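Protein chains in written order, with our numbering: chain A, -10 to 524; chain L, 231 to 484; chain X, 203 to 370; chain H, 36 to 343.
In this text, a Cβ means the ideal position worked out from N, Cα and C, and glycines have one as well.
Since we're looking at a predicted model, the values are computed, not measured.
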Amino acid sequence: MKGLERWVSTVDHKEIGVLYMLTALVFFLIGGVEAMMIRAQLSLPGLNFLAPETYNQVFTMHGTTMIFLVVMPVLAGFGVYLVPLMIGASDMAYPRLNALTFWLQFFGGVLLYISFFAGGAPDAGWFSYAPLSEKAFSPHAGLDYWALGLLLLGSGTVGSAVNFIVTIANHRAPGMTIRRLPLFVWMTLVNSVLILFALPALNAALIMLLSDRLLHAHFFDAAQGGSPILWQHYFWIFGHPEVYIMVLPAFGMISEIIPVFSRKPIFGYGFVASSTLAIAFLSYGVWVHHMFAVALGRVFISVFAAMSMLIAVPTGVKIFAWSATLVGGSIRFTTAMLFAVAFLLEFTIGGLSGVAFATVPIDWELTDTYFVVAHFHYVLFGGTAFALFAAAYYWFPKISGRLMDEKMGRWNFWLVVIGFNMTFFVQHLLGLMGMPRRVYTYPNLPGWAALNLVSTFGAVILGLGALVFICNILASLAFGTRAGNDPWDAWTLEWAAKSPPLPENFETVPAVRSRRPLWDVKHPDAPDWAAEGGA
Amino acid sequence: MTWDWEPSIILGCVALAAGYLYFAHGRTALQTCSFLGGIVVLLLDLVSPIDTLADTYLFSAHVLQHFVLALVVPPLWLLGIPGSAAERVLQRRRVDGIEQALSRPGVSWAAGVGTMLAWHIPALFSAAIANDGLHILQHLSFLVSGAIFWWPVLAPVEPRRLAPLAAVVYLFGACTACSLLGAALTFTRPGWYPAYLNPTGDAGTLRLIRTGWGLDARTDQQFGGLLMWVPGCLVYLSAILARVAAWYRAPEPA
Amino acid sequence: MKTRAPLGMLLFLLNEAVFFFMLIGAFVYFRGSALATAARSLNLAGASIYTVCLLASSITMWRGVAAGSRGWLGATLALGAIFLYGQGREYWALFRQNVTIGGDQFGTTFFTLTGIHALHVLTGLLLLLVLLSGAGRRSALDSIALYWYFVDAVWIVIFAVVYLWTFV
Amino acid sequence: MPLGPVFTPHSPEAQAMSALFGAFLVLATVIFLIVAGLVTYGIVRYRARAGAGEPRQTFGSRGLEITWTAIPLLIVTVLFVFTVRTMASIDAPLTPDQPADIVITGHQWWWEARYRNGADTANEIHIPVGRRVLARIESVDVIHDFWVPQLARKMDAVPGRPAYVWLEADTAGTYSGTCSEFCGMQHAWMRFEVIAEPEADFSAWLAREAIPPQPPSGDAAEGARIFQQQKCGDCHAVSPADTRVLPGPPLTHIASRRLLGGEIPNTAENLTHWILTPQSIKPGNKMMDPRLSAVDVGPLSAYMESLR
């Protein structure tokens, strides 16, 4: 009981970080089970494994869970755990706010899931288009839970963004200038600014939806003078930056991991850092590409198409920078590095198929088909989740003091890579064959059944890979090799702390004179601050 | 729709070019290109059919014209001024005083953004279309306030520029302001500037615009708003990125 | 560290500013279909009076922070309460004219926007009350003051958009 | 493996989209191969060798960085130009200056197609081969999306916001279409067919659809009586003159249609099954169970069969 009380009342950033990660892991399992249910229902045409109304709840909850209860909290968790360590601080700026924002997100998630026991889960998809999400068409309480849960989650996210910005602004160790921030910290900073500008759009839209549903207002119901398009605008003004909110910290992780295992600094720190800014700015000018199938006028759509294509450029810059970091290095293939390299390829596919949707006529063919499903899973699984696997293997020793098992790591990696591509690559083809998304079943048209079956088999393999990951965590916690403070011979400040770190983090923070303070310590003969471009 | 070689504009441009070539010592080839390029763009902006379109038919053409006046020409000029020449001029007490007064970020920001916002007040904008004198004043004010706005970002003399992160905030603020106006124009009903609802121009031109290009009054206003919003922001964004990239290249002070 | 609390509050208010911007945006979006009801049923004179009270409360807040005086803060509290009372009267008058949130687009946008704002004022009042009861610290006062100025500034925009723009 | 509809377009509009997609596919493949090549080269050539120390520390190269910013910028510029040109060639005007030939309305979960001469049908849209017709897309409830992959662009059917698409087929045939925006429980089966037929056949069909069906006789007349008694007409039209907006699809010429509910073949057996247990084939649809006995269903079914 004592232990439980400690975890509930903790304000230590490391413990809160771990709480975030554990919560996310539990929801990942739940979301994963939902994914399996979806794939089971779709494995063959005409199955009745799930009733249509159940299926619609399951896919809605799968999307909502993975986005708001897995990716957002786990990224916040890594940030909360690592940012103070990486900048040489002893805690976040507001430790109690830190705890509060975690619990807001925790209970937001719980609230979402209570809906299952209160007359049915939300079933209008993760973007709950009005007027389908209005009382007239979704009379049960599921969508009220959805909106309230998201409001809590959103408030929590805003709180943690404020906390990150103040921490990074005011609590850096001496010498840790903005230009020397580890890229993960830099991207968390930019990300937090994105959150401050994006989440309020969602919160406003949710307030308006709740007004409609609970107080009989008419923001979004066309029958009463409301505007369904307004919901789309507001949701996507949040929703597209949200995509980058889910992927920028992952970029930051990759920017830490690839250099360490290539034994070289990141190629073009300045370009990687400023391209992040470019992405953040542009991400507010691209939301309409989610609405290209609405008749909004050609001029209007073209302008947003241009912006959506443009945002591919700073993203491409990053891919090239990471790839170039490999060249000339001395690459060690740990599991973390395997996932990071796989990330490069999978994310490139997701990025390129994203440009397809900026190309308006292609969007007019393929939006809302399985091609979209394939695309955003390549971004969010092939991108963010692969980066998160890499990050887990990379930072687990710091958090637990033990290494994760490399042999199980290989199994984890290959099962996930094979399962993931098998599941989602074929979904590109299904989209091209005309299969719309969000269908609980489909006619037996030529090729559809076979490809869906392949996809389902892939999902099983992917699920096994995820299970191996969880087993690896549990086994390594109990029996893993002791890691020592710096198992990877890395360069950022967190590796100067003990593993796991002391409650106050550091006994003494090493001097920071460049972007790689520990390299300078280890190589006094050739420190970065003496090298061209290293300071 | 014709080219309108208005002598006063051509004379002004020629004088400006001559003055630049005569006074701006120590310029590099790139700087010369930039400054003269600015003049050429200005000339095109004012004498090409864009001007006819802007005056009579299309709000969006007018936005384009102002966009060039405020966001393209002044930066090109500032980039074209050699640092040494600027320094010499700034040594004079009075010039220095004026520079000090105008280049305070609050002042220059308000000058640039305020001018842009003020001219879009429907009454003022409509008056400027109707009255030639006011119209010339409008164009000049865009040029001058544009130059004042861009000075703290692109001043030829490094110490007179804003610190990098301050410049980011400065430009981001301007981007937000012009986005808001642009978005308002994009998403609201046409008719902010009634003259463009039913232009009283040549019927053939009007038919070309309305059916050939598919620009009805609604799309026209929307397009104008979008031009202000998106390419406008892209200029600010490019400036931000250039400033940040340069900052990352510069060595960290010990 | 003196600047710590206000920076956090400033960032939070930035988020709030975007939030109100979106709500005001919705009001403007529906303005065309809401204007007739707005012009018919809003009470400009009444609203002007309680708007002045709210603005005055920013001045008393500023004096209160500068002088560290409980009296000025008490005055702020009172003025804020008058504002809420005034708004309550406006709501009541509208209800009696059968203008409700479930009515037309004016009711929908007006009550949502001003209601959310009133909740913010109420939050500010409660925070002040906690502070005056002796539980708060000096740094909290700085943050609350900042919040209060923000809520007042938002009202100026709302007043301009909802009332002044309707009657010009 | 069958090629998808995206690769088998049957109208100039779909061909334009298809061509753009083909070009995009080549471009994306090339870019992917470049990245994959670079990564593969990196990990094969530069894997750690035993005993080797730290490699040379390099921090970047401005030239390279500017190059790989500039080239993608150029590529997307070109792509944008093609995008705008293709858009202009396929998109119908936002507010056309001609009336629509067909008004296509999305309902939860069926499509209504009403022609200018009054013909009104469901889940089956007839068009003439080789002639471009203007379709107006509407919705009466939630957002749907009209999509015939081989013929036309997607168009969202947003309530209160009609939109227009060109509909055209270069070959006679049946093209399947579907709702492509999630619209509730039976989104999956909100499918329909576009039947492109020669001009003469089309005109004949159109004329036939616009006149009321033959008055029923015999068993069918008994069915018509039951139809009336059960108030089926509150939700279903049985005459082109009936222009009310109804929750159920028009049955005016139901016997001439190929499919029931856009899903199963229109046979007497299936029809009987549907009427007996309306919620079994497309659960969630708006039809309430009339709880008819098998005795009543026979004549009702016969009445339906008589509506040609």
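Test: residue i CB closer than 8 Å to a CB of chain X
i                      : result
residue 192 of chain A : yes
residue 154 of chain A : yes
residue 448 of chain L : no
residue 472 of chain A : no
residue 419 of chain L : yes
Beta carbon proximity, residue i to chain L, threshold 8 Å
i                      : result
residue 517 of chain A : no
residue 262 of chain A : yes
residue 234 of chain X : yes
residue 322 of chain A : no
residue 208 of chain A : no
residue 541 of chain A : Absent from the structure is residue 541 of chain A, since the part of chain A shown begins at -10 and ends at 524.
Integer Cβ distance of residue i from residue j, believed to fall under 8 Å
i                      : j                      : result
residue 390 of chain A : residue 248 of chain A : Rounded, the Cβ-Cβ distance is 24 Å, inconsistent with contact.
residue 266 of chain L : residue 247 of chain L : 6 Å
residue 185 of chain H : residue 49 of chain H  : 6 Å
residue 81 of chain H  : residue 320 of chain A : 5 Å
residue 217 of chain H : residue 28 of chain A  : In fact, because the Cβ distance is near 18 Å, the residues do not count as touching under 8 Å.
residue 196 of chain H : residue 213 of chain H : Not a contact, Cβ separation roughly 21 Å.
residue 299 of chain L : residue 350 of chain L : Not a contact, Cβ separation roughly 14 Å.
residue 98 of chain A  : residue 130 of chain A : Between residue 130 of chain A and residue 98 of chain A the Cβ distance is about 17 Å, and since that is not below 8 Å, they are no contact.
residue 345 of chain X : residue 208 of chain X : 6 Å
residue 206 of chain H : residue 228 of chain H : Going by Cβ atoms, the distance from residue 206 of chain H to residue 228 of chain H rounds to 15 Å, so no, they are not a contact pair.
residue 197 of chain A : residue 278 of chain X : That belief does not hold up - the Cβ atoms of residue 197 of chain A and residue 278 of chain X are roughly 31 Å apart, past 8 Å.
residue 145 of chain H : residue 157 of chain H : 5 Å
Residues bridged to residue i [DSSP beta-bridge criterion]
i                      : result
residue 192 of chain H : H:179
residue 225 of chain A : Residue 225 of chain A is not bridged to any residue.
residue 155 of chain H : H:149
residue 305 of chain H : In DSSP, residue 305 of chain H forms no bridge with anything.
residue 167 of chain H : Answer is none; residue 167 of chain H lacks a bridge partner.
residue 201 of chain H : H:169
residue 425 of chain A : A:358
residue 361 of chain L : None; residue 361 of chain L has no bridge partner.
Neighbour flag for residue i against chain A, beta carbons, 8 Å
i                      : result
residue 287 of chain L : no
residue 224 of chain X : yes
residue 267 of chain H : no
residue 307 of chain X : yes
residue 340 of chain H : no
residue 68 of chain H  : no
residue 228 of chain X : yes
residue 353 of chain X : no
residue 329 of chain L : no
Interface flag, residue i vs chain B, CB-CB below 8 Å
i                      : result
residue 368 of chain L : Given the protein chain composition of this structure (A, L, X and H), no chain B is represented.
Residue i Cβ short of 7 Å to the ligand HEM heavy atom set
i                      : result
residue 120 of chain H : Among the ligands in the structure shown, none appear at all, so the ligand HEM cannot be discussed.
Inset, instruction - May I ask you to verify whether the segment 140 to 159 of chain A touches the segment 77 to 96 of chain A, counting CB pairs closer than 8 Å and requiring at least 3? - result: Flag = yes, the segment 140 to 159 of chain A and the segment 77 to 96 of chain A touch.
Legend entry - Cβ contact (3+ pairs, closer than 8 Å) linking the segment 49 to 58 of chain A and the segment 111 to 131 of chain A: Yes, since at least three Cβ pairs between the segment 49 to 58 of chain A and the segment 111 to 131 of chain A fall closer than 8 Å, the two stretches touch.
Inset, instruction - Determine, using beta-carbon pairs with one atom in the segment 371 to 385 of chain L and one in the segment 317 to 333 of chain L, whether at least three such pairs fall under 8 Å. - result: Judged by pairs of C-beta atoms under 8 Å, the segment 371 to 385 of chain L touches the segment 317 to 333 of chain L, as three or more such pairs exist.
Inset, instruction - Check whether the segment 455 to 471 of chain L touches the segment 291 to 311 of chain L, counting contact only when three or more Cβ pairs, one atom from each stretch, lie closer than 8 Å. - result: With the cut-off at 8 Å, the segment 455 to 471 of chain L and the segment 291 to 311 of chain L touch.
Legend entry - the segment 213 to 223 of chain X in contact with the segment 347 to 365 of chain X per 3-pair CB rule at 8 Å: Counting Cβ pairs under 8 Å, three or more are found: they touch.
Inset, instruction - Could you tell me whether the segment 197 to 215 of chain A touches the segment 181 to 189 of chain A, where touching means 3 or more Cβ pairs closer than 8 Å? - result: Look at the beta carbons and you see the segment 197 to 215 of chain A not touching the segment 181 to 189 of chain A: under three pairs across the two are nearer than 8 Å.
Inset, instruction - Taking only runs that begin and end inside the segment 43 to 104 of chain H, name each unbroken alpha helix (DSSP H) of 4 or more residues, in chain order. - result: As far as the segment 43 to 104 of chain H is concerned, its whole alpha helix (DSSP H) runs of at least 4 residues are 47 to 80.
Legend entry - Given 8 Å, three or more beta-carbon pairs between the segment 310 to 328 of chain L and the segment 474 to 481 of chain L: Contact fails between the segment 310 to 328 of chain L and the segment 474 to 481 of chain L, because fewer than three Cβ pairs, one in each stretch, are under 8 Å apart.
Inset, instruction - Please determine if the segment 272 to 289 of chain A and the segment 188 to 202 of chain H are in contact, where contact requires at least 3 C-beta pairs separated by less than 8 Å. - result: By the criterion of at least three beta-carbon pairs nearer than 8 Å, the segment 272 to 289 of chain A is in contact with the segment 188 to 202 of chain H.
Inset, instruction - Count the C-beta pairs between the segment 269 to 283 of chain L and the segment 339 to 347 of chain L that are closer than 8 Å, then say yes if the count reaches three, no if not. - result: The segment 269 to 283 of chain L is not in contact with the segment 339 to 347 of chain L.
Legend entry - Uninterrupted alpha helix (DSSP H) stretches inside the segment 233 to 312 of chain A (no shorter than 4 residues): Taken in chain order, the complete alpha helix (DSSP H) segments of 4 or more residues contained in the segment 233 to 312 of chain A are 258 to 271 and 287 to 299.
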